[in-house]
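K.L.:
Position 153 of the sequence shown, counting from 1, maps to 677 under the numbering used here, and the rest follow consecutively.
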Amino acid sequence: MNIFRTRSPEASRTPPASPPSKRRVLFRSQSGSDIASKTSPPAAAGPESPSKPPPLGIANVANVFIKMRRASDQAKPWHIQSSSGEDPQSHPGVVEATTSPTRERLQHTDIFICGGAVNVGHLLRATRKTLLEEAELMGANALVDEQWNCTICGPKHRPNGTFKVQISYTAFAIRSDLADPHRVVALDKVKDVPGVMTIIKRISE
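1) Do residue 650 and residue 721 have their beta-carbon atoms positioned less than 8 Å apart in this structure?
2) From residue 704 to residue 628, what does the alpha carbon distance come to, in whole angstroms?
3) Where does residue 468 land, buried or exposed, given buried means 16+ other C-beta within 10 angstroms?
4) Helix, strand or coil for residue 646? Go by DSSP, reduced to three states.
5) Do you know how far the Cα of residue 713 is from the Cα of residue 648?
6) Whose C-beta lies closer than 7 Å to the C-beta of residue 606 among residues of the same chain, with five residues either side of it excluded?
7) From residue 659 to residue 637, what distance separates their C-alpha atoms?
8) Use the C-beta contact count for residue 711: other C-beta atoms within 10 angstroms, 16 or more gives buried, fewer gives exposed.
Pasting the structure below:
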């Protein structure tokens with residue numbers, strides 16, 4: 525029965541007496557939503573949406589690229605190595621024409637900074653020439669039992685950058701009736717970088 529419906533005069537003269545218990549219920553009645561909120565169990569909380577990571581700033585992005593570059597450099601070092609071999613070599617006839625039993629071991633290391641390319645044979649000849657000049661100052665005139673090692677460190681990030689080339693040459697100085705041939709041993713084992721080489725700097729050690 526709707527309590528808000530308009531009552532007729534007859535109904536007003538003889539109002540039906542409502543049981544006291546129902547009146548108390550009407551005054552204490554609550555809205556459906558309130559009742560539902562008390563009687564219904566709380567709804568289960570849904571899964572929380574993952575929070576979005578904060579945007580990277582310029583400094584953070586730069587640090588990421590630097591770390592990637594360092595990792596790449598460490599993983600792929602740009603080196604080319606070559607050598608004359610494990611055993612020393614001599615040019616034919618020089619040892620057989622030795623006139624003195626005296627033999628003096630010599631060693632010389634050069635670091636070349638080159639641009640454009642690397643001609644290892646040309647650099648080896650320059651280092652060997654220095655070694656022969658040292659031998660001549662001692663009274664010798666030839667080199668025997670020669671060995672050399674070459675390491676090329678190339679440009680890591682610039683395609684037209686410079687190359688650092690380290691050459692180590694060892695030999696024994698002797699006195700021989702056969703003149704020194706002024707040639708590098710084991711030239712067939714060199715590993716070059718093709719192109720036109722420009723020597724920018726030479727550092728002797």
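Idealized CB from N, CA, C, for every residue including glycine.
Since this is a predicted model, take the numbers as computed values, not measurements.
P.N.:
Result, derived from the coordinates:
1) no
2) 15 Å
3) There is simply no residue 468 to check, as the chain begins at 525 and stops at 729 in what is shown.
4) helix
5) 12 Å
6) 644, 674, 713, 714, 715
7) 26 Å
8) exposed
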